[in-house]
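**Q** Below: one structure in structure tokens.
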């Protein structure tokens with residue numbers, strides 16, 4: 019939770035409430051803090067709840083979006099189940115495929131990756147069961163085909179946050195841990211296998227998870243959960259160190275409550291757009307300018323409507339492409355920590371919001387730009 023006076027007392031009360039009512043893990047302090055966020059929208063869609071999971075399990079974690087270049091309305095959402103695998107959903111939220119390959123924490127996608135045999139689309143994730151980075155090719159129907167080998171990390175602590183990055187024609191994978199350790203791997207798909215080389219180690223002072231690479235500007239953003247958002251060059255040979263986004267810190271921005279969780283980018287032409295962060299401690303999403311100095315523009319939350327709202331979000335993703343009639347100006351996808359149906363708690367899932375609804379919450383209105391190419395091309 020966010021550091022405020024009497025934090026220890028509040029945590030003690032919260033723990034007592036969780037023991038007394040295991041059917042609802044929500045924090046009353048976080049719920050009250052969320053009401054201070056005045057910009058509120060509603061979800062336009064949601065995925066199926068994770069199968070074989072209880073409402074009390076913290077299982078769903080991180081979403082990624084695969085764009086079908088031939089039929090954008092047939093694009094897919096890939097979501098992690100950190101209790102057992104990867105799920106693939108259509109834009110109506112129906113689960114199409116499930117891969118019980120381990121406790122997958124974070125997932126990311128890059129499309130049109132050049133190989134000796136042509137080009138492929140790749141999904142990859144941090145696998146906490148094996149402490150590896152696992153890779154999949156994405157087929158034309160959005161199904162996944164796992165590469166024959168996984169990449170064991172060198173850090174001794176458990177893998178946690180993860181993202182892919184593409185610098186010119188070079189694909190990188192970044193993985194971090196709860197102790198702030200970060201590894202950067204150079205990735206080369208070779209037929210049915212992945213070749214990988216560790217090219218850089220980084221370190222932040224405390225727990226990290228959310229990461230996103232801005233491939234076009236060459237910047238990696240990393241969330242230090244109890245501190246703020248850092249940025250650093252994705253070039254492993256860069257000598258420039260970490261830079262803290264001053265308006266992202268929990269001690270200076272009154273609308274950001276730890277934990278800082280998922281990070282994503284809504285891209286626009288010429289390096290414009292928005293960096294978005296999940297502020298888990300008050301069930302909200304903070305929006306920053308994509309360009310330096312990354313000014314904070316405000317926060318919003320997803321409230322109850324026909325579909326229930328989203329609370330205590332871990333991973334998030336945004337895309338600026340026209341995905342058809344349902345999401346013509348792009349989409350924002352979030353993990354929902356407290357999923358409900360007919361006011362009854364059920365297993366976690368992912369919520370989807372039309373980007374233009376978020377843009378309209380702000381004054382001046384956030385820009386909408388659907389002209390950028392698929393991330394990774």
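Residue numbers (my numbering): 19 to 395.
Backbone N, C-alpha and C define an ideal beta-carbon position, used for all residues, glycine too.
Nothing here was measured: the structure is a model prediction, and the numbers come from that model.
1) Nearest-angstrom Cα distance between residue 221 and residue 262?
2) For residue 75, which of 355, 385, 381, 212 has the nearest alpha-carbon?
3) Sort 264, 185, 184, 180 by Cα distance to residue 226 and report the nearest one.
4) Kindly indicate the opening and closing residues of the alpha helix (DSSP H) around residue 49.
5) Which value, in whole angstroms, describes the spacing of the CA atoms of residue 163 and residue 381?
6) By the DSSP assignment, the beta strand (DSSP E) with residue 105 in it spans what residues?
7) Helix, strand or coil for residue 42, going by three-state DSSP, please let me know.
8) So if DSSP puts residue 125 in a beta bridge, which residue, or which two residues, is it bridged to?
9) Indicate the three-state DSSP secondary structure (helix, strand or coil) for residue 256 in the structure shown.
10) Is the beta carbon of residue 229 closer than 8 Å to that of residue 201?
11) List the DSSP bridge partners of residue 202.
12) Rounded to the nearest angstrom, how far is the Cβ of residue 348 from that of residue 339, given a contact under 8 Å?
13) Measure the C-alpha to C-alpha separation of residue 100 and residue 122 and round it to an integer number of angstroms.
14) Who pairs with residue 303 in a beta bridge, going by DSSP?
15) When the Cβ atoms of the segment 294-305 are set against those of the segment 75-86, are three or more pairs found closer than 8 Å?
16) From the DSSP output, in three-state form, read off residue 369 for me.
17) Just to confirm, are residue 308 and residue 287 a CB contact at a threshold of 8 Å?
18) At which residues does the beta strand (DSSP E) containing residue 81 begin and terminate?
19) Can you tell me the Cα-Cα spacing of residue 217 and residue 277, whole angstroms?
20) Does the Cβ of residue 39 have 16 or more other Cβ atoms within 10 Å, making it buried, or fewer, making it exposed?
**A** So, to answer that:
1) Distance from the CA of residue 221 to the CA of residue 262, rounded to the nearest whole angstrom, comes to 14 Å.
2) It is 355.
3) Ranked by how close their Cα comes to the Cα of residue 226, the residues 264, 185, 184, 180 have 180 in first place.
4) In the DSSP assignment, residue 49 falls within the alpha helix (DSSP H) that extends over 46-52.
5) Rounded to the nearest angstrom, the gap between the Cα atoms of residue 163 and residue 381 is 44 Å.
6) Per DSSP, the unbroken beta strand (DSSP E) holding residue 105 starts and ends at 103-107.
7) Residue placement at residue 42 is poorly supported in this model, since its pLDDT is 47, which falls under 50; the coordinates still yield a value, given next. In the three-state reduction of the DSSP assignment, residue 42 falls in the coil class, being assigned neither a helical nor a strand state.
8) In the DSSP assignment, residue 125 forms a beta bridge with 143.
9) DSSP places residue 256 in coil when its eight states are reduced to three.
10) No Cβ-Cβ contact shorter than 8 Å links residue 201 with residue 229.
11) When DSSP reads this structure, residue 202 sits in a beta bridge with 192, 218.
12) Their Cβ separation, rounded to whole angstroms, is 6 Å, which keeps residue 348 and residue 339 in contact under 8 Å.
13) Looking at the two C-alpha atoms, the distance is approximately 5 Å.
14) In the DSSP output, where bridge partners are listed per residue, residue 303 has 296, 318.
15) Flag = no, the segment 294-305 and the segment 75-86 do not touch.
16) Strand, per DSSP.
17) Taking 8 Å as the cut-off, the Cβ atoms of residue 308 and residue 287 do not count as close.
18) It spans 78-84 - the beta strand (DSSP E) in which residue 81 sits, taken as one unbroken run.
19) If I take the Cα positions, the gap works out to 29 Å.
20) Because the pLDDT at residue 39 is just 38, under 50, the model does not fix this residue reliably, and the value given afterwards should be weighed accordingly. Exposed, because fewer than 16 other Cβ atoms sit within 10 Å of the Cβ of residue 39.
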